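Beneath this line is the structure, given in structure tokens, with notes to follow.
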Amino acid sequence: MKYVDEFRDRAVVTALAERIKQTVSRPWTIMEVCGGQTHSIVRFGLDELLPKNLTLVHGPGCPVCVTPVSLIDDAVRLARQPGVILCSFGDMLRVPGSQGDLFGAKAEGADVRIIYSPLDALELARVNPHRQVVCFAVGFETTAPPWAMAVVQAKTMGLPNFSLLVAHVLVPPAMEAILSSPQNRIQGFLAAGHVCTVMGYEDYEAIAARYRVPIVVTGFEPVDVLEGIAMVVGQLEEGRAEVENQYVRSVSREGNRQAQAVVDEVFEPSSRIWRGIGEIPRSGLRIKSAYAEFDATVRFRDVLAQYGPAAQEHPECQSGLVLQGLLKPPDCPAFGTRCTPERPLGAPMVSSEGACSAYYRYRKSGAG
Amino acid sequence: MNDTSFEPSCPLPAIEKKTVQLAHGGGGRLMRDLIQEVFVHAFDNPLLSLLHDGATWPVEKGTLAFTTDSYVVRPLFFPGGDIGRLAVYGTVNDLAMCGAKPLYLSAGFILEEGLSLDVLRQVVTSMAEAARAAGVSIITGDTKVVDRGKGDGIFINTAGIGVVPPGVCLSPQMVQPGDAILISGDVGSHGVAVLSVREGLAFAGEVQSDSAPLHGVVEDLIVSGVEIHCLRDLTRGGLASALNEIAEAAGVGIVIDEMAIPVLDPVRGACELLGLDPLYVANEGRFVAMVPASQIEPALAVMRRHAVSGKAALIGSVSDRCSPPVILRTVVGTNRILDLLSGEQLPRIC
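Sequence order for the protein chains is A and B.
Counting from 207, one number per residue, gives the positions in the first sequence under my numbering.
Counting from 16, one number per residue, gives the positions in the second sequence under my numbering.
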């Protein structure tokens, strides 16, 4: 299949792995930002092909994983409201809040629908004028444009029954939070190719310069990931700290200006709590006041205000350390015992992009 | 059933009803008419026509195989099949995997009030065609009607009986280290075909379900004298789940080569876009065969003679018991486990 097979070619993969081995002269630690890259690495066993002194650390780039318990609780509460249809991408349904997950709410009678596109939710609102359609809008910069477009269309169509519970997060502030932490050990990044397809990579140039770290915009197939690693390692060995683009078939420096414009029209940056990590300034998106009628936290303010202070993470879940690259999933004492996909303590064990889920599914242990 | 000369007044003859009503399951005239005009008419065979509480037939010496399965699918019709075909082929295939020649099926229907009778006729006609294609007779059945909103149109249960030829013994316990693992064709088409119509995924529109009866190729393998240790059809949970079940039941390990597993391009494309793994996607007309290494070529030759298994391929081998039991050699040459999934695969966010 075109655009897939050539990026999974065994000979090319082997040659890239050899190139990395030849280049690395001392220990380096690299973080792949995106959960999609983490899954590719573990699914294809790419880390097995790397030299022992090159450490890959899995980053926070799984939007499902970083959505705080409090927002999942809000989604479950709204789903349980009479007359509400709660729409979500499938990934989100198994993620535990403090009061269970959305699958549980569905089993108890809530109308929870898996959608494939924000336009599906818009159509649901149009054909169900007497129901309130609430969308759990989760994602990084990649999925923000279609949600923003859905809000613009809802306004144009005059839909009074469509709103978003926004849990959108932004990558660069999270990378800066990791780099500015005293515990940081990351020396180079694979930036997330799909996020950069929308946003470009100008923002990353300032980060690379300020923190002296190489950043390579990287795709998701085995050849992409290994080439990205080779480019980061090349920079590290040469003492460079620049932004380079491996994912040229999808990403340009300026990104998709039209998509950025519609995001700016509807959303604005806001402070955001990241699950297990804490609050990061200007790391999330919220709906601008001009579109407040489509903000579920405004529309259902009275409903959500009935509940007490936000719930905390499960005390045993170490997802914060995992998401910051400070702990490998199999090294968590609960991994595979008290925390499994059937009974997860935290989101990374159930999200399709979660690091814990990747190790559980493809490895069961860290040893390979 | 003895008719009396007394005819109570009846608002409309059943034939003029357009939808299933609760009375169709009530045991009265409407139900009798439904059974006669829809089921007996379509399934037409001497054992069913007796309309007794059960069907009876003489048995010969030998081994019987008996299986049952229930069918729920939304939508009822999808590219390459429908719930009626699934209900026949699914049970026929379960019998075939025991090495049995399928003979008779039962059919239990749970119908939702309000279901179009035309839809029911289409499904029943499709079952009748599938039964003819599979050489089985549907000889007994049952109908219930549930309130509107308490069902999903039609639920069907079929049970099947078949006869296993003397000397044939297929089971996971026969599987041994060194056995080869053959697959009868490409995987994932059924699941993607159903998903494409259920969710309106235009990009997967050309994919057809692989729904098909497998008894013919199995019978040919047996008659041709190919030594087979175990057969397993791939249904829910896909190839990955079937291999895990066999490895566990047989107490062996399995090593599979990802490159060797056939997957059609539109299926791969749809799975890539949705974040699904075709090895876990449902099939309805595919099976794996565990055979001694010496039987690889003869088995593949027989399988490739049949349209349902024309793309049969060698995909792996059985090893000594290991944990986890199934290892996948990836396309890039590394190894990883191929585990059972915790639940259904869910489409990803981006």
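Cβ coordinates follow ideal geometry from the N, Cα and C atoms, glycine included.
Just so you know, these numbers come straight off a predicted model, no measurement behind them.
Expected contact under 8 Å - CB spacing of residue i and residue j to nearest Å
i, j, result
"A/Pro425", "A/Gln452", "First, the residue type needs correcting, since residue 425 of chain A is Gly and not Pro in the sequence shown. So it is a contact: roughly 7 Å between Cβ atoms."
"B/Ser224", "B/Glu144", "With 8 Å as the limit, B/Ser224 and B/Glu144 do not qualify as a contact, their Cβ atoms being about 15 Å apart."
"B/Arg301", "B/Asp354", "That belief does not hold up - the Cβ atoms of B/Arg301 and B/Asp354 are roughly 20 Å apart, past 8 Å."
"A/Ala414", "A/Val468", "About 28 Å separates the two Cβ atoms, so there is no contact after all."
"A/Ala502", "A/Val340", "5 Å"
"A/Leu255", "B/Thr349", "7 Å"
"A/Pro351", "A/Val404", "6 Å"
"B/Leu343", "B/Glu273", "5 Å"
Which of helix, strand or coil DSSP assigns to residue i
i, result
"A/Glu450", "strand"
"A/Met576", "Here chain A comprises residues numbered 207 to 574, so residue 576 of chain A is not present and cannot be evaluated."
"B/Ile50", "helix"
"B/Trp72", "coil"
"A/Gly560", "coil"
"A/Gln338", "strand"
"A/Ile236", "strand"
"B/Ser131", "strand"
Beta-bridge pairing of residue i - partner residues as DSSP gives them
i, result
"B/Met305", "B/Ile196, B/Cys245"
"B/Arg351", "B/Leu343"
"B/Tyr86", "B/Ile171"
"A/Pro475", "A/Leu491"
"A/Ile486", "A/Arg478"
"A/Phe541", "A/Cys545"
"A/Gly303", "A/Gly306"
"B/Lys116", "B/Val178"
"B/Lys326", "B/Lys326 is not bridged to any residue."
"B/Phe270", "First, the residue type needs correcting, since residue 270 of chain B is Val and not Phe in the sequence shown. Paired residues: B/Ser332, B/Ile342."
For residue j and residue i, the rounded distance between their alpha carbons
i, j, result
"A/Val528", "B/Glu221", "41 Å"
"A/Lys312", "B/Arg163", "20 Å"
"A/Pro233", "A/Arg459", "30 Å"
"A/Thr348", "B/Gly253", "31 Å"
"B/Ser324", "B/Ala149", "15 Å"
"A/Asp508", "B/Thr155", "58 Å"
"A/Glu559", "B/Val88", "28 Å"
"B/Gly240", "B/Glu234", "10 Å"
"B/Arg294", "B/Val282", "The amino acid at residue 294 of chain B is misidentified as Arg; the sequence shows Leu. Roughly 11 Å between the two C-alpha positions."
"A/Pro266", "A/Gly526", "9 Å"
"B/Glu242", "A/Ala380", "60 Å"
"A/Ile278", "A/Gly303", "5 Å"
"A/Phe295", "A/Tyr322", "6 Å"
"A/Arg286", "A/Pro269", "23 Å"
"A/Ser557", "B/Thr106", "35 Å"
"A/Arg638", "A/Glu411", "No answer is possible for residue 638 of chain A: the residues shown for chain A start at 207 and end at 574."
"A/Pro539", "A/Gln359", "47 Å"
"B/Ile169", "B/Gly40", "13 Å"
"A/Arg214", "A/Gln305", "42 Å"
"A/Leu551", "B/Ser256", "25 Å"
"A/Ala327", "A/Leu510", "22 Å"
"A/Arg418", "A/Pro554", "29 Å"
"B/Arg351", "B/Gly290", "18 Å"
"A/His520", "A/Val275", "9 Å"
"A/Pro388", "A/Gly531", "13 Å"
"A/Ser386", "B/Gly268", "47 Å"
With 16 other Cβ atoms within 10 Å as the buried cut-off, status of residue i
i, result
"B/Phe218", "exposed"
"B/Cys184", "exposed"
"A/Phe342", "buried"
"B/Cys25", "Note that B/Cys25 scores a pLDDT of 48, beneath 50, so its modelled location is shaky; the value from the coordinates is reported in the next line. When all chains shown are included, B/Cys25 counts as exposed."
"A/Tyr209", "exposed"
"A/Gln441", "buried"
"B/Phe81", "exposed"
"A/Tyr407", "buried"
"B/Gly266", "exposed"
"A/Tyr513", "exposed"
"B/Ala304", "buried"
"B/His56", "exposed"
"B/Val238", "exposed"
"A/Gly394", "buried"
"A/Thr273", "buried"
"B/Ala327", "buried"
"B/Ala275", "exposed"
"B/Pro181", "exposed"
"B/Asn108", "buried"
"B/Ser204", "buried"
"B/Asp194", "buried"
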